[in-house]
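Note sheet for the following structure.
Chains as they are written, first to last, in our numbering: chain A, 1 to 211; chain B, 1001 to 1211.
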């Protein structure tokens, strides 16, 4: 059993709200993607928070510095999860974990491009990170990479933290990702690129929630 | 001779515009800080672009993925420089350089938390990066670090690219940073924390422009 998360990767404010409206009943978590939050600012979070009380919301801040300062207003505005880069200084990661705890919310450490994923995962889990994000970026996917090997590595550590997996997951690979230990499964293009995004989201969620 | 850059680190839209109005005549480049752009979105860039035609504007995107896609709208809206993380995948860095070139603008690679700064600097300079950002983050400054050693390393490579230095620079250290090879000197707290921010900006710029 894993939760599903829909990545809202558009830049347009209204298109993002419209897509969220279509898929919100069929996924657990709505994700405001990094380009989307930089483009639209916190007002988009406030809008989604008000419109979708039944979904968790993740803001993919990918924070690299000033952890506490940058993330605090987003938790305050209703984000359930914010992300911080695993590549960041450990003080930055601690800042986001601290401010998540202050608001009773969660911090996700994104392993994108981290060189020693095992060491960093163990370090941030010890520090209290709530979620480890196994993440093959869009530019890495374009170069043919997938998140499966990294998921196996992180799951094998048995740290008892949530594990989120992002990077080209689709209906056909959801069961594999779930069974490999993911507790949050992120889909983006597989949903918004589908002829029927709501049906695609429902299909992926049904597989994620099973077993 | 170096240019000066003022880091706008507030989250508040109106306070940011007000501070920019005070310091714009006294610095070369206005920087929209990372927390500030995530909070306010591209509308802040559009506002500053319209109000300050005589300043260059840097948007500190600290891009980590989807380089071309994330940075393009900011260049389109008038940013002269966008930043991409040196920790990012090389495809992401290339994406920001490519889109900067598409608009006749500049891409800055931020060395914050890069493990092998020498190798990465040589690699991205070869790729066409316009500016190398030597950057001691706020969380690293709080732990007592400074950018001086890294500046010496990057300047010694003699790559013929611009070198921007950020990390607690103030009037008392501006000459040292300039003489060590910085071509862009960033000040934040030294200006906005001063009793007279305009006078502080003018003082730092006078030193940066000298020699």
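By construction, the Cβ of each residue, glycine as well, lies at the ideal position given by its N, Cα and C atoms.
{"Asked": "is_contact[residue 1040(B), chain A] using C-beta, thresh 8 angstroms", "Found": "yes"}
{"Asked": "Neighbour flag for residue 121(A) against chain B, beta carbons, 8 angstroms", "Found": "no"}
{"Asked": "In chain order, each alpha helix (DSSP H) run of at least 4 residues that lies wholly inside the stretch 61-129 of chain A", "Found": "67-76, 90-102, 117-127"}
{"Asked": "The beta strand (DSSP E) enclosing residue 189(A), as first and last residue numbers", "Found": "Residue 189(A) -> not in any beta strand (DSSP E); alpha helix (DSSP H) instead, spanning 189-192."}
{"Asked": "Span of the beta strand (DSSP E) around residue 135(A)", "Found": "131-135"}
{"Asked": "With 16 other Cβ atoms within 10 Å as the buried cut-off, status of residue 179(A)", "Found": "exposed"}
{"Asked": "Cutoff 8 angstroms: residue 1113(B) Cβ touching any chain A Cβ", "Found": "yes"}
{"Asked": "Selected residue, minimal CA-CA separation from residue 982(B), among 1081(B), 1117(B), 1110(B)", "Found": "What the structure shows of chain B is the stretch from 1001 to 1211, and residue 982(B) is not part of that stretch, so it cannot be assessed."}
{"Asked": "For residue 174(A), three-class secondary structure by DSSP", "Found": "helix"}
{"Asked": "Members of the stretch 1061-1086 of chain B near chain A, C-beta cut-off 7 angstroms", "Found": "1061, 1062, 1064, 1065, 1066, 1067, 1069, 1070, 1073, 1085"}
{"Asked": "Nonlocal neighbours in the same chain, by C-beta distance under 6 angstroms from residue 1064(B), ignoring five residues either side", "Found": "1085, 1088"}
{"Asked": "Residue burial classification, residue 79(A) (beta-carbon count within 10 angstroms, cutoff 16)", "Found": "buried"}
{"Asked": "Coil, strand or helix - residue 1211(B) by DSSP", "Found": "coil"}
{"Asked": "For residue 1170(B) and residue 1057(B), the rounded distance between their alpha carbons", "Found": "20 angstroms"}
{"Asked": "C-alpha gap between residue 1023(B) and residue 1149(B), whole angstroms", "Found": "29 angstroms"}
{"Asked": "Length of the line joining the Cα atoms of residue 1165(B) and residue 133(A)", "Found": "31 angstroms"}
{"Asked": "Span of the beta strand (DSSP E), counted from its first residue to its last, around residue 1164(B)", "Found": "1162-1166"}
{"Asked": "Residue from 1020(B), 1026(B), 1001(B), 1045(B) with nearest C-alpha to residue 1061(B)", "Found": "1045(B)"}
{"Asked": "Beta carbon proximity, residue 14(A) to chain B, threshold 8 angstroms", "Found": "no"}
{"Asked": "Contact with chain A by residue 1138(B), beta-carbon distance below 8 angstroms", "Found": "yes"}
{"Asked": "Buried versus exposed, by CB contacts within 10 Å (16 or more), residue 76(A)", "Found": "exposed"}
{"Asked": "Residue 129(A) versus residue 109(A) - alpha carbon distance", "Found": "7 angstroms"}
{"Asked": "Min CB distance residue 89(A) to chain B below 8 angstroms", "Found": "yes"}
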